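For reference, each letter of the sequence shown is one residue, going 969 to 1089 in this note's numbering.
Note that beta-carbon positions come from the ideal geometry of N, C-alpha and C, so glycine has one too.
Predicted model, so just to flag it, every value in this text is computed and none were measured.
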Amino acid sequence: FAGLLPVLPDGSLLYTLGLIGGVGGTITMAAYGYWVNAKGWSNSSWMKVMRLDNRVAYITTGLFVVAMLIVGAELLHASQIALTSGDRGLVDLGKVLEDRFGAGTAKLFLVGFFATSFSSL
């Protein structure tokens, strides 16, 4: 089973996260045309609505990212720990969540992170 387990080389976590974000963003951009078509926005009179739709989506996503960064920073600061470099940081963050909210929360976080990453590939 060793060949079935994902393994990241040392120092590759940031590149991997960048790739995951790029793939997810690319799929969203590719699917947007299908979503627009499904809504019936098929002629140029809908361009103002589509631009507004995109602006709201990007602003909402940006606010969500900033909020998650603030929540994550507060969680780590309150625990008085620093994450280790590399992919071990996720396990460390899971430990913080386990200490504060229980083992179920830590497992849910790690499974959720894996599922999100896996579904983006």
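C-beta contact flag for residue i and residue j at 8 angstroms
{"i": "residue 1051", "j": "residue 1061", "result": "yes"}
{"i": "residue 1064", "j": "residue 1078", "result": "no"}
{"i": "residue 997", "j": "residue 1009", "result": "no"}
{"i": "residue 1081", "j": "residue 1058", "result": "yes"}
{"i": "residue 972", "j": "residue 984", "result": "no"}
DSSP state of residue i mapped onto helix, strand, coil
{"i": "residue 1052", "result": "coil"}
{"i": "residue 1005", "result": "helix"}
{"i": "residue 973", "result": "coil"}
{"i": "residue 978", "result": "coil"}
{"i": "residue 1010", "result": "coil"}
{"i": "residue 913", "result": "One cannot answer for residue 913 here, as it falls past the ends of the chain, which runs 969 to 1089."}
Buried or exposed by the 16-neighbour rule on C-beta atoms within 10 Å, applied to residue i
{"i": "residue 1074", "result": "buried"}
{"i": "residue 1037", "result": "exposed"}
Among the options, the one whose alpha carbon lies nearest that of residue i
{"i": "residue 1000", "options": "1021, 978 and 1039", "result": "1021"}
{"i": "residue 1087", "options": "982, 995, 978 and 980", "result": "995"}
{"i": "residue 1047", "options": "980, 1014 and 1067", "result": "1067"}
{"i": "residue 979", "options": "1070, 1071 and 1056", "result": "1056"}
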